[in-house]
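*Asks:*
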Amino acid sequence: MWDFSIGRSVSIMMRTWPFIVFRMIVYFGITLAYIMATGTGASVGYGVGHISTDPDGPMSFALWGGVVGFGVVSIAVYWIREYILYVLKAGHIAVMVHLIDGHDVPDGQNQIAYAKEVVTQRFAEANILFVVDQLVKGAIRAVTGLLGGIAAFLPVPGLSGLVSFIDTVIRLSLTYVDEIILGYNIRINSNSPFETARQGVVLYAQNGKHMVKNAVWLAVIMWGVSFVIFLAMLAPAAAILWVMPGQLAGWAFVLAIVFAWAFKAAFIEPFAIASLMQVYFDTIEGQVPNPEWDRRLAETSSKFRELRDKALGSFGGSRWDAPRAA
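Quick note on numbering: the sequence shown equals residues 538 to 863 in the working numbering.
What follows is the structure, encoded as structure tokens:
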């Protein structure tokens, strides 16, 4: 089945509890902002709607007010994504990497300061980490195609519809690969983030079938838990909207999704990252990047080519292309 230890991942989460609390504050704070903005927008819209001569004016304006409030918070979250990645996600990954490797890390609030120092040593500025992260995400999209899709796992003729669906599942299961590559970057104590990210992507690709198998199992576990959380969140979301003006029952569904997203980001994501890093680090132990995979990725993915170009142009970058056949 899978090659990660659920117990070990849970233990890592418990030992990094300051970051779990930090995640709860950030992501549930974002959820509260969504609720307040949606409710305020709906209330303002409902009041403005009474000016309209349309009998359905208050209801319609309340709905659109809620949409505007929801949209404003979404834009704000988009603009702070670099900060969340740099301070929250990267810091948490740094501590998890050290725990996986058996190193001691501080406890309590000192753990966050310790992690920030580690991340700052690897990535002097948030925008560098963000660029690396985006290039890795783009490069990873090419891995599934190079592995031959689900046909490499289930070469069963006449099941094109099922094969297409499972290919989609596999692509969605690659959500956390950029975090795994970030963990690799921190683990080898690199001073060249672009070169290390390039190597990390190649190592992932050359072990792709093994990694994707574990990622799919983990995705199934996570989706099941997320769906249960979504069902549990429907009741409180509906209760919150019950006090809002107008018939906004449909927003209960939307807010339940936001609640579930916050819980997933605070608790389930760290579990997934810890699990996949276990598999990745164990799998690549003793391996070196395969130049042939480097070439294949460069031919397939423009993002990987950009990552390779930045690696070659940075300190510590090296050329290790495979020789072409005559």
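Don't be surprised by glycine CBs; every beta carbon is placed ideally from N, CA and C.
With a 10 Å radius around its C-beta and 16 neighbouring C-beta atoms as the bar for buried, classify Ile649 as buried or exposed.
*Replies:* Counting Cβ neighbours within 10 Å, Ile649 comes out buried, since at least 16 surround it.
*Asks:* Taking Val795 as the reference, give the member of Leu771, Lys653, Tyr817 with the closest Cα.
*Replies:* Among Leu771, Lys653, Tyr817, the Cα nearest to that of Val795 is on Leu771.
*Asks:* Taking DSSP as the reference, what is the three-state secondary structure of His747?
*Replies:* In this structure, His747 counts as helix in the three-state DSSP scheme.
*Asks:* What residue ranges within the region 599-655 form continuous alpha helix (DSSP H) runs of no fewer than 4 residues, ordered along the chain?
*Replies:* Here the runs fully enclosed are 627-637.
*Asks:* Look up Tyr713 in the DSSP assignment and say whether it is helix, strand or coil.
*Replies:* In the structure shown, Tyr713 sits in coil (DSSP, three-state: anything other than H, G, I, E or B).
*Asks:* Would Tyr620 be called buried (16 or more neighbouring beta carbons within 10 Å of its own) or exposed?
*Replies:* Exposed is the call here.
*Asks:* Starting from Pro807, trace the alpha helix (DSSP H) in both directions and tell me its first and last residue.
*Replies:* Unbroken alpha helix (DSSP H) run through Pro807: 806-821.
*Asks:* For the alpha helix (DSSP H) containing Thr837, name the first residue and the last one.
*Replies:* Taken as a continuous stretch (DSSP letters only), the alpha helix (DSSP H) holding Thr837 covers 828-837.
*Asks:* To which residues of the same chain is Ala826 closer than 6 Å at the C-beta, ignoring the five residues directly before and after it?
*Replies:* According to the sequence as given, residue 826 is Pro; it is not Ala. For Pro826, where only same-chain residues beyond five positions count, the Cβ hits under 6 Å are Gln736, Val739, Leu740.
*Asks:* Where does Asp670 sit, in a helix, a strand or coil, going by DSSP?
*Replies:* Helix.
*Asks:* Give me the Cα-Cα distance between Ala756 and Ile810, rounded to the nearest whole angstrom.
*Replies:* Their Cα atoms are separated by approximately 11 Å.
*Asks:* Could you tell me whether the Cβ atoms of Trp642 and Val656 are closer together than 8 Å?
*Replies:* In the sequence under discussion, the amino acid at residue 642 is Val, which differs from the Trp named in the question. In this structure, Val656 does not lie closer than 8 Å to Val642 by Cβ.
*Asks:* Hey, is the region 742-751 in contact with the region 813-822, meaning 3+ C-beta pairs nearer than 8 Å?
*Replies:* A contact exists between the region 742-751 and the region 813-822.
*Asks:* Helix, strand or coil for Thr577, going by three-state DSSP, please let me know.
*Replies:* Helix, per DSSP.
*Asks:* How many angstroms separate the CA atom of Val505 from the CA atom of Ile766?
*Replies:* No answer is possible for residue 505: the residues shown for the chain start at 538 and end at 863.
*Asks:* Under three-state DSSP, which class holds Phe764?
*Replies:* Here Phe764 sits in helix by DSSP.
*Asks:* Check whether the Cβ atoms of Ala652 and Gly628 lie closer than 8 Å to each other.
*Replies:* A contact, by the Cβ cut-off of 8 Å.
*Asks:* Please identify the residue among Asp715, Gln646, Ser548 whose C-alpha is closest to the C-alpha of Gly639.
*Replies:* Of Asp715, Gln646, Ser548, the residue nearest in Cα terms is Ser548.
*Asks:* Near Val604, which residues of its chain fall below 6 Å by C-beta distance, leaving aside the five closest residues on each side in sequence?
*Replies:* Once the five neighbours on either side are set aside, Val604 has no close Cβ partner at all.
*Asks:* In the DSSP assignment, find the alpha helix (DSSP H) that holds Val547 and state where it starts and stops.
*Replies:* Run containing Val547: 543-552, per the alpha helix (DSSP H) assignment.
*Asks:* What is the DSSP secondary structure of Ser597, counted as helix, strand or coil?
*Replies:* Looking at Ser597 - three-state DSSP - the assignment turns out to be helix.
*Asks:* Given a cut-off of 8 Å, decide if Phe660 and Leu844 are closer than it, judged by their beta-carbon atoms.
*Replies:* Against a cut-off of 8 Å, the Cβ pair of Phe660 and Leu844 comes out as no contact.
*Asks:* Can you name, in chain order, every residue of its own chain whose Cβ lies under 6 Å from the Cβ of Asp715, other than the five neighbours on each side?
*Replies:* Excluding sequence neighbours, Asp715 sits near Asp670, Val673, Lys674.
*Asks:* Would you check if the distance between the CB atom of Phe565 and the CB atom of Ala799 is smaller than 8 Å?
*Replies:* Result yes, Cβ atoms of Phe565 and Ala799 sit closer than 8 Å.
*Asks:* Can you give me the C-alpha to C-alpha distance between Ala848 and Asn722, rounded to a whole angstrom?
*Replies:* Roughly 13 Å separates the two Cα atoms.
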